[in-house]
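Everything below concerns the one structure shown next.
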Amino acid sequence: RLALIVPVFHSLLYAAIMIHLVQTGIFQSADLTSINGVASLFRNKDNVLAGWLHYCVFDPLVGLGQVMDAKQQRVPHLLVVPCLLLTMLLGPLGFMAYLLVRSTYFLATRPRGVKGYLLSTRR
């Protein structure tokens, strides 16, 4: 529960900024279907702040998911920490690193003679 306080705060701040941006009409002409359209949105500092808060919410939640999954799958915390750092800095690369660590650990520690899948879940 404590781990959710910061993402919830950032989510509320993000919602307030988005309401302001919608009320000012900034998104009426926004083109989110192309990289150029998205880049033009980030010429405005309010939009940059909204984008940054978006990352401040999702990266920690992905990291929290990694920690919870690692605990359930019994992946040693020391193996997860580098993945968490990557997740906070490079988002999807950290998530992929965690999946690789989790899968490798599972394959290395499963009992001999047991068939498993790359992303298998222990129960």
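Residues -24 to -1, 1 to 99 in mature numbering (1 follows the signal peptide of the UniProt record, and there is no 0) are what the sequence shown lists, from first letter to last.
Note that the Cβ used here is the ideal one computed from N, Cα and C, for glycine as well.
Nearest to Arg50 by alpha-carbon distance, out of Pro36, Tyr81, Leu62, is Tyr81. Exclusion of the five residues before and after Met64 leaves Asp35, Pro36, Gly39, Gly70 as the residues of its chain whose Cβ lies within less than 8 Å of its Cβ.
For the pair Ser(-14) and Val33, the CB atoms are nearer than the 7 Å cut-off. Closest option to Val24, judged by alpha-carbon separation, among Ile(-8), Leu(-21), Met72: Ile(-8). Collapsing the DSSP output to three states places Asp35 in a helix. Thr(-1) sits in coil when the DSSP states are folded into three classes, being neither helix nor strand.
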